[in-house]
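First up is the structure itself, then whatever we jot down about it.
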Amino acid sequence: MCGILAALGLQGDPEKNRRMMLRQSKLLRHRGPDANSIWQSTDGNSFIAFERLQIIDVTDGGKQPFIIERPGGNIAWALNSEIYNHDELKQKYLKGVKIVKDSKSDSAIIGHMYEKLGDSDELWNSLDGIFACVLVDEATGDFVAARDPIGVCSFYWGKGRDGSTWFASEMKALQAHCETFDIFPPGHCYRSRTGKLERWYKPKWLDLEYVPTAPADLTTIHDSLVGAVVKRLMSDAPLGVLLSGGLDSSLVAAIAVRHMKESKNAYDTDQPLHTFSIGLPGSPDLVAARRVAAFLGTQHHEFTFTVEEGIDALYDLIWHIESYEQVRASVPMYILSRKIKAGGFKVVLSGEGADEIYGGYLFFHKAPTPKDFQQETVRLVRRLHQFDVMRANKAPFSFGLEPRVPFLDKAFLDTSMTLDPADKMDKPDGKHARMEKYLLRKAFDRPEDPYLPEDVLWRQKEQFSDGVGYNWVDGLKEYAEKVVTDELWEARQVRFPEHTPNTREYYLLRSMFEEHFPSPSALATVPKGLSIACSTPEALAWDPEWADTHEISGRAMQAVHAAGSTFTYQKRQPSGGDPGPAGPAAAAAPAERPIANGKIVPQTSPLPACSRLDVPKGVAQAAKANGIHVAAG
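Just so it is clear: in the sequence shown, position 333 is 333 by full-length UniProt numbering, and no numbers are missing.
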């Protein structure tokens, strides 16, 4: 992947414009520190600049922009992408076609696909992966831009003061020369020949009025996620996994460990998978991540940071993520990404997306109906590109580290978002007989060949900024209370008449943001509205007590979290299929909806608390052999 910048239809001296484009492209060099290049149109007025991070085909064959030379006019394009099915697309659409520069790059096929399919929706729908693309056809004078379904690849566009059209991986490259700019919406394509921005990604589940009815099939869920992880092991550069010790990242790591030898990594796959975690000393995530790494036998790297180091990183971080949202969680990821890149890694897998898809946030326990539950998951997935995915993309890319998010795989999304939401929910009687993300947990509950320790597989949700240590959140709040004086706070509506901050923390972060990005266009890219523990504003109607919340972290759900000790999970059945003796709680429970390849049955055993993540002696010895030192329990 990389950083791309395009300006089409510039006015003025072409040579001056070329130098200007090279200067602006440097603002994206953190995304692609390995090489840079630029394409200039035959008439001299259009440019595509490229900052390269070498992942697939690290030779010059992967150098962009790509150009197909034709007598009637060239085709030029650049992609910030990982197209996982590029070999299959060659077989389907490009048999006998000589790929430009004989490139093995996944991005090299796009111009040839355009020659076959034009700028049709079929072109974009055929791609399995993530991308932000700009393509220019000099023969027709047309250009096309498109973005992946969920917006994993960051992408912006703007209108130049001279009437030119601009595209960029980050808005910092646009603000000096664009009169206005905005987020390029995920799943959309802009065609200059029609002048229209149109959605090409149109799954039925995106419709808020659609309530799916497909029964949950645990085997399908399992196989779909395994496929999503395995295809993301494609890399010609060293790869690792961000491991918080929570369910989502632990599942990604567990699947990757099982399938590393089947992946296409160029480095020695006999070596263990590398995993990385960060937190304040003694934080829940560090404890849980050690437990998972020891169980999986990964080469684990643990880093700590202090509240002071986190605060010192704020100003630079906001420059990189281009938002004052998601800052709490972005700081530890930003610090960790720098450490990972310094170790020689270029690619990391991460666990974002599962909470949105399966209703993993604790506030989902209060969803009134299956339709409400489904609508909230759709709203959350739609806005991921402004929240968790934005953080997951831009924080690692601050240091030229490429993130990959298996839970946002197109096929996995289609599998998961078309399940009957009733199967994802709590019991109708509200007794929390199932934990959040029950289906996902149950799909990987394989006692005969466990993916994870049972107490990790059934560990309750921690939000990343909370899991790295509550002291980080408290320290940031205390710092904001100190530096945002009473005088500043009382005048907040004067300084920020639009979307006035409702906490001093937001005042502080908003101030830093506007130092970097003072334009109204930049402010408009940041999402607004109240939230409780990562909800959308619409979900606040589920509980009257949420109406005036100012707490965005998981601690807003303390009452739900405190009930975690009473959450229960299905005890493993004997191999003979006998469900075992039913306790009093099971006998009193209402009948359950059956699920294919597994059945939700009344629960009897309490979930172990996070404090019980002690490490058995044998596991500790295995961990030590892999360079991880933990105390045996």
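Ideal Cβ placement from N, Cα and C applies to all residues, glycine included. None of the values given here were measured: they were computed from a predicted structure.
For residue i, I'd like the list of residues in its chain whose CB is within less than 8 Å of its CB, leaving aside the five on either flank, ordered along the chain.
i: residue 61; result: 101, 102, 103, 104, 105 and 108
i: residue 338; result: 398 and 399
i: residue 496; result: 507 and 510
i: residue 368; result: 542
Alpha carbon to alpha carbon, how far is residue j from residue i? Give it in angstroms, no decimals.
i: residue 508; j: residue 498; result: 15 Å
i: residue 518; j: residue 343; result: 35 Å
i: residue 3; j: residue 471; result: 35 Å
i: residue 452; j: residue 366; result: 28 Å
i: residue 413; j: residue 224; result: 9 Å
i: residue 242; j: residue 12; result: 47 Å
i: residue 72; j: residue 139; result: 5 Å
i: residue 286; j: residue 230; result: 25 Å
i: residue 218; j: residue 450; result: 15 Å
i: residue 190; j: residue 444; result: 40 Å
i: residue 68; j: residue 39; result: 12 Å
i: residue 135; j: residue 66; result: 10 Å
i: residue 500; j: residue 22; result: 37 Å
i: residue 258; j: residue 78; result: 34 Å
i: residue 28; j: residue 96; result: 36 Å
i: residue 316; j: residue 260; result: 35 Å
i: residue 192; j: residue 165; result: 10 Å
i: residue 122; j: residue 275; result: 37 Å
i: residue 55; j: residue 237; result: 6 Å
i: residue 539; j: residue 90; result: 45 Å
i: residue 280; j: residue 490; result: 33 Å
i: residue 51; j: residue 195; result: 28 Å
i: residue 31; j: residue 513; result: 20 Å
i: residue 601; j: residue 447; result: Low confidence applies here, because residue 601 scores a pLDDT of 30, under 50, leaving its location unreliable; read the following figure in that light. About 17 Å.
i: residue 87; j: residue 76; result: 21 Å
Of all the options the options, which has the alpha carbon lying nearest to the alpha carbon of residue i?
i: residue 494; options: 511, 310 and 479; result: 511
i: residue 455; options: 247, 49, 412 and 332; result: 247
i: residue 159; options: 151, 174 and 317; result: 174
i: residue 309; options: 278, 14, 421 and 490; result: 278
i: residue 349; options: 314, 404 and 386; result: 404
i: residue 533; options: 253, 325, 54 and 51; result: 325
i: residue 525; options: 448, 180 and 145; result: 180
i: residue 395; options: 335, 126 and 446; result: 335
i: residue 300; options: 70, 195, 314 and 271; result: 271
i: residue 185; options: 150, 35 and 215; result: 150
i: residue 142; options: 441, 541, 8 and 516; result: 8
i: residue 201; options: 546, 411, 341 and 116; result: 411
i: residue 182; options: 386, 35, 282 and 119; result: 386
i: residue 82; options: 282, 393, 352 and 363; result: 393
Between which residues of its own chain and residue i is the CB-CB distance below 6 Å, once the five residues before and five after are set aside?
i: residue 17; result: 10
i: residue 80; result: 1, 2, 4, 132, 153 and 169
i: residue 566; result: Only weak support is given to the placement of residue 566: the predicted model assigns it a pLDDT of 41, under 50, and the question is left unresolved by the model.
i: residue 204; result: 210
i: residue 6; result: 48, 134 and 167
i: residue 172; result: 27
i: residue 162; result: 11
i: residue 145; result: 134, 167 and 190
i: residue 74; result: 67 and 138
i: residue 155; result: 132, 147 and 184
What residues in its chain sit with their C-beta under 7 Å from that of residue i, if we drop five residues either side in the sequence?
i: residue 424; result: 358, 359, 373 and 439
i: residue 409; result: 228
i: residue 220; result: 415
i: residue 208; result: 375 and 378
Less than 8 Å separating the beta-carbons of residue i and residue j?
i: residue 148; j: residue 167; result: no
i: residue 376; j: residue 536; result: yes
i: residue 354; j: residue 305; result: no
i: residue 345; j: residue 401; result: yes
i: residue 504; j: residue 481; result: yes
i: residue 127; j: residue 378; result: no
i: residue 250; j: residue 347; result: no
i: residue 63; j: residue 37; result: yes
Which residue or residues does DSSP assign as beta-bridge partners of residue i?
i: residue 159; result: 165 and 180
i: residue 190; result: 145 and 197
i: residue 3; result: 51
Examine the ligand GTP and report whether any of its heavy atoms sits within less than 7 Å of the Cβ of residue i.
i: residue 230; result: This structure simply doesn't include the ligand GTP, nor any ligand for that matter.
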